[in-house]
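Here the structure is laid out as structure tokens; the discussion comes afterwards.
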Amino acid sequence: MRASDTLRFASYAAIGSPVRTLLLVLAMSIGVASVVMLTALGDGARRYVVDEFSSIGTNLVVVLPGRSETRGFNPANLVTSTPRDLTVSDAEALLRLSGVKRVAPLVVATAEVKAAGKLRESILIGTNADYAQLRNLKLSLGRFLTNTERGGSSPEVVLGALVRTELFGAHNPIGKSVRIGDRKYRVVGVLAEGGRGMGITSNDVVIVPIVSAQAMLNTNTLFRILIEANSREQINPVKARVLKTIIARHEGEEDITVIAQDAVLQTLDKILNVLTLGIAGIAAISLAVAGILVMNVMLVSVTQRTAEIGLLKALGATTDAVQQLFLFEALLLSVAGAVVGLWLGYLGSAFLRYLYPTFPAYPPLWAVLAGLSIALLAGLIFGVIPARRAARLDAIQALSKK
Amino acid sequence: MTDADTLIRLADIGRTFYLGDSQVQALRDIDLNIAQGEYIAVMGPSGSGKSTLLNILGLLDSADTGIYHLAGRDVTTLAADEQARVRSESVGFIFQSFHLVPRLTAAANIELPLMLAGIALDERARRVKQALHDYGLDARAAHRPNELSGGQRQRVAIARATVMRPTLLLADEPTGNLDRVTGEEVVNLLEALNAQGVTLIVVTHDQALGARARRQVKMDDGAIVSDTASNLAVKAAGNASL
Chain Z
13 MRASDTLRFA SYAAIGSPVR TLLLVLAMSI GVASVVMLTA LGDGARRYVV
63 DEFSSIGTNL VVVLPGRSET RGFNPANLVT STPRDLTVSD AEALLRLSGV
113 KRVAPLVVAT AEVKAAGKLR ESILIGTNAD YAQLRNLKLS LGRFLTNTER
163 GGSSPEVVLG ALVRTELFGA HNPIGKSVRI GDRKYRVVGV LAEGGRGMGI
213 TSNDVVIVPI VSAQAMLNTN TLFRILIEAN SREQINPVKA RVLKTIIARH
263 EGEEDITVIA QDAVLQTLDK ILNVLTLGIA GIAAISLAVA GILVMNVMLV
313 SVTQRTAEIG LLKALGATTD AVQQLFLFEA LLLSVAGAVV GLWLGYLGSA
363 FLRYLYPTFP AYPPLWAVLA GLSIALLAGL IFGVIPARRA ARLDAIQALS
413 KK
Chain S
588 MTDADTLIRL ADIGRTFYLG DSQVQALRDI DLNIAQGEYI AVMGPSGSGK
638 STLLNILGLL DSADTGIYHL AGRDVTTLAA DEQARVRSES VGFIFQSFHL
688 VPRLTAAANI ELPLMLAGIA LDERARRVKQ ALHDYGLDAR AAHRPNELSG
738 GQRQRVAIAR ATVMRPTLLL ADEPTGNLDR VTGEEVVNLL EALNAQGVTL
788 IVVTHDQALG ARARRQVKMD DGAIVSDTAS NLAVKAAGNA SL
């Protein structure tokens with residue numbers, strides 16, 4: 013018997029009982045769809061977090077004041093407060109280290125921004141010109157801060173996209189002045205929309221020179237120092253050098269934490285991957301259930317079609333041929349279920365992305381392939397028993413059944 | 588009867604079924620020679636073993652004892668798949684209840700044996716078309732069995748049984764589910780096939796149908812009790828005239 017004939021006969025048999033086929037395909041598709049959607053969720057979460065971190069910049073080393081751990085990364089590191097100040101001169105000292113490409117000191121506060129009679133509370137970031145490159149910030153208008161004018165009479169400010177539209181609407185704000193706190197600033201640039209990182213959207217920020225920000229906030233302390241290493245390989249040496257330098261500057265006390273963004277990323281990536289895998293495993297259980305359903309229905313089908321099996325044997329079908337017919341049918345149902353499920357899963361993922369546009373709920377390729385192959389495997393494994401039963405049927409007894 | 592003419596040679600065929608503790612001897616010491624092109628009616632009461640004989644002749648069942656030669660080949664101990672091949676190539680079955688696959692059209696039902704034998708598509712299409720035409724089913728090709736009358740169904744079944752051009756046609760009560768007129772038509776078809784040289788063996792209760800065969804084999808309790816061929820003075824001469 014030819015494979016194409018086996019396929020055709022099996023598909024006619026499947027179409028021949030539409031309700032049974034529909035239910036089976038539905039069961040299998042729900043299994044596959046749940047694998048696709050749940051892994052899309054898990055992988056989406058992973059991607060979201062990783063994106064969030066990597067959008068801070070590449071080859072990044074972050075210096076935080078204070079120390080809560082002697083080793084490794086702890087989420088608490090990101091929010092600790094300081095026993096000893098991290099200062100601008102610390103940052104300047106770091107720039108002289110080998111392997112360091114850029115250094116941006118960082119002060120963060122909330123501030124009231126006023127312009128043209130409108131007032132808005134925004135996040136104030138005090139930093140230097142290198143910050144734009146470090147954070148991969150894009151400008152939609154004007155330019156970023158320069159390092160040439162520090163603390164001038166009318167220092168520069170770069171507005172986030174949202175701040176700009178809220179304060180100036182469609183008007184060009186370049187050259188206009190805004191008041192932040194009690195100081196006047198001249199707008200030199202506007203950030204492009206969409207950038208974000210560390211949970212802060214860069215749409216709702218105003219960026220001013222570090223000295224000016226420190227003066228306004230009446231503080232010498234830095235919130236962070238961001239360092240960009242020359243290359244990925246340089247990250248760890250730079251980390252060590254940074255630590256050593258700061259300890260030396262802080263009278264031998266290790267009161268800072270140095271985090272390589274890369275290490276954080278890898279850890280998070282690993283954790284969330286395992287999480288996704290776990291979710292996929294749970295979803296795969298539904299596939300196994302669907303597989304058992306396939307077996308049940310195929311067993312019933314064999315019983316119902318006993319006379320037909322007897323006839324096929326009388327007409328010269330070998331045991332293998334009969335077995336293949338039923339195996340193909342089980343496989344066909346599984347494949348149909350898998351395809352429909354894939355489609356449903358992608359549809360569901362797209363719907364999730366529609367509901368939460370910032371959440372990248374794309375099913376990972378490995379999960380899609382795994383879901384498909386498990387569905388096929390389930391069809392094959394659970395199809396074998398009914399197919400063997402069909403093939404072993406005694407032709408005479410089968411024929412005598414009406 | 589020469590060896591070359593002999594299609595079927597059964598020697599000492601016995602078949603015992605075991606039902607729980609009890610044994611049922613369905614066939615005992617059957618000796619039967621059938622020449623190519625014969626027309627035989629196997630008759631007898633229910634449980635006389637005539638269906639078992641038919642099943643063994645059609646290689647659906649194997650004898651426990653004895654030897655079965657089909658077309659000069661010992662087929663007594665063939666493996667299941669070999670038996671299937673012989674059935675596919677040499678034997679056509681016609682059943683009382685037609686045994687058409689309900690979801691398949693008349694044409695697809697007729698095509699089944701060709702498909703199982705792995706014959707090329709265009710050849711299949713040609714043979715099915717011819718068979719539909721031969722049995723007056725041209726207009727019914729795309730109909731499913733439930734859209735056909737009893738006679739049409741049995742014609743489809745006969746077309747299916749003969750589409751592989753078997754040498755042996757086995758019919759188990761072919762008219763059992765048909766009214767007299769339709770039954771007559773079906774028997775005429777079978778006899779026409781026999782006239783073309785196909786060996787026809789009909790199992791039946793129906794005395795009238797049995798009487799139409801040139802040779803009657805009567806069975807009772809698993810044994811042949813009478814065989815009109817042994818009454819014929821010159822068997823070989825009778826066969827030669829076919």
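Protein chains in written order, with the working numbering: chain Z, 13 to 414; chain S, 588 to 829. Where a beta carbon is used, it is the ideal one built from N, C-alpha and C, also for glycine. Note that the structure is a prediction, hence the values are computed from the model and not measured.
According to DSSP, is residue i part of a helix, a strand, or is it coil?
i	result
His656 of chain S	strand
Ala707 of chain S	coil
Ser93 of chain Z	For Ser93 of chain Z, the pLDDT reaches just 48, beneath the cut-off of 50, and the residue's location in the model is therefore unreliable, although a value from the coordinates is still provided. In this structure, Ser93 of chain Z counts as coil in the three-state DSSP scheme.
Tyr468 of chain Z	Missing from the structure shown is residue 468 of chain Z; chain Z here goes from 13 to 414 and no further.
Lys196 of chain Z	strand
Ala141 of chain Z	coil
Ala25 of chain Z	helix
Leu136 of chain Z	strand
Arg14 of chain Z	coil
Val314 of chain Z	helix
Asn108 of chain Z	It is Arg, not Asn, that sits at residue 108 of chain Z in the sequence shown. In the structure shown, Arg108 of chain Z sits in coil (DSSP, three-state: anything other than H, G, I, E or B).
Ala128 of chain Z	coil
Glu760 of chain S	coil
Asp766 of chain S	coil
Ser189 of chain Z	strand
Val396 of chain Z	helix
Thr177 of chain Z	helix
Asp406 of chain Z	coil
Whole-angstrom Cβ separation of residue i and residue j, contact assumed at under 8 Å?
i	j	result
Gly353 of chain Z	Ile42 of chain Z	7 Å
Thr174 of chain Z	Asp216 of chain Z	At residue 174 of chain Z the sequence reads Leu, which differs from the Thr that was named. Yes, they are in contact, since the Cβ atoms of Leu174 of chain Z and Asp216 of chain Z sit about 5 Å apart, within 8 Å.
Pro732 of chain S	Leu687 of chain S	4 Å
Leu98 of chain Z	Ile268 of chain Z	7 Å
Val270 of chain Z	Lys251 of chain Z	5 Å
Arg742 of chain S	Tyr722 of chain S	4 Å
Gly679 of chain S	Ala748 of chain S	3 Å
Leu229 of chain Z	Ser214 of chain Z	With a Cβ gap of about 20 Å, Leu229 of chain Z and Ser214 of chain Z do not count as contacting.
Pro167 of chain Z	Ser224 of chain Z	4 Å
Leu136 of chain Z	Val200 of chain Z	That pair is no contact at about 16 Å.
Asp808 of chain S	Ser635 of chain S	6 Å
Could you tell me the distance, in whole angstroms, from the CA atom of residue i to the CA atom of residue j?
i	j	result
Ala375 of chain Z	Ala407 of chain Z	In the sequence as presented, Ala is not what sits at residue 375 of chain Z; that position holds Pro. C-alpha separation (whole angstroms): 48 Å.
Arg752 of chain S	Ser677 of chain S	7 Å
Arg711 of chain S	Leu299 of chain Z	40 Å
Ala22 of chain Z	Gly797 of chain S	40 Å
Val673 of chain S	Leu381 of chain Z	44 Å
Gly395 of chain Z	Asp608 of chain S	35 Å
Gln316 of chain Z	Asp592 of chain S	43 Å
Phe682 of chain S	Arg615 of chain S	24 Å
Glu750 of chain S	Arg713 of chain S	The residue you asked about is not Glu; residue 750 of chain S is Val in the sequence shown. Near 11 Å, if we compare the C-alpha coordinates of Arg713 of chain S and Val750 of chain S.
Gly303 of chain Z	Tyr24 of chain Z	21 Å
Tyr60 of chain Z	Ile222 of chain Z	30 Å
Ile397 of chain Z	Phe340 of chain Z	13 Å
Met13 of chain Z	Ile697 of chain S	15 Å
Leu389 of chain Z	Arg690 of chain S	28 Å
Trp355 of chain Z	Ser361 of chain Z	10 Å
Ala241 of chain Z	Glu133 of chain Z	34 Å
Gln803 of chain S	Ala704 of chain S	33 Å
Gly12 of chain Z	Met702 of chain S	Outside the displayed range of chain Z (13 to 414) lies residue 12 of chain Z, so it cannot be described from this structure.
Thr94 of chain Z	Ala52 of chain Z	Note that Thr94 of chain Z has pLDDT 47, beneath the 50 cutoff, so the model's placement of it is unreliable and the number below is only indicative. Their Cα atoms are separated by approximately 39 Å.
Ser16 of chain Z	Ala695 of chain S	15 Å
Lys805 of chain S	His730 of chain S	39 Å
Ala143 of chain Z	Leu76 of chain Z	The sequence shown places Tyr at residue 143 of chain Z, not Ala. If I take the Cα positions, the gap works out to 16 Å.
Gln612 of chain S	Thr603 of chain S	4 Å
Val73 of chain Z	Val170 of chain Z	24 Å
Gly357 of chain Z	Thr70 of chain Z	33 Å
Ala693 of chain S	Arg404 of chain Z	27 Å
Ser638 of chain S	Asn308 of chain Z	34 Å
Three or more C-beta pairs below 8 Å linking the stretch 233-241 of chain Z and the stretch 113-127 of chain Z: yes
Is the number of C-beta pairs between the stretch 320-337 of chain Z and the stretch 666-683 of chain S that are closer than 8 Å three or more? yes
Stretch-stretch touch, CB-based, cutoff 8 Å, three pairs: the stretch 651-659 of chain S with the stretch 800-817 of chain S: These segments do not touch.
What residue ranges within the stretch 788-816 of chain S form continuous alpha helix (DSSP H) runs of no fewer than 4 residues, ordered along the chain? Whole alpha helix (DSSP H) segments, 4+ residues: 794-799.
How about the stretch 777-791 of chain S and the stretch 613-629 of chain S: do they share at least three Cβ pairs that are nearer than 8 Å? yes
Would you list, in sequence order, the uninterrupted beta strand (DSSP E) runs of no fewer than 3 residues that lie entirely inside the stretch 671-741 of chain S? 678-681
At 3 residues or longer, and completely inside the stretch 596-632 of chain S: list those beta strand (DSSP E) runs for me, N to C. 609-622 and 626-630
Restricting to runs no shorter than 4 residues, where is the alpha helix (DSSP H) found entirely within the stretch 192-279 of chain Z? If we require 4 residues or more, the alpha helix (DSSP H) runs fully inside the stretch 192-279 of chain Z come out as 222-229 and 247-261.
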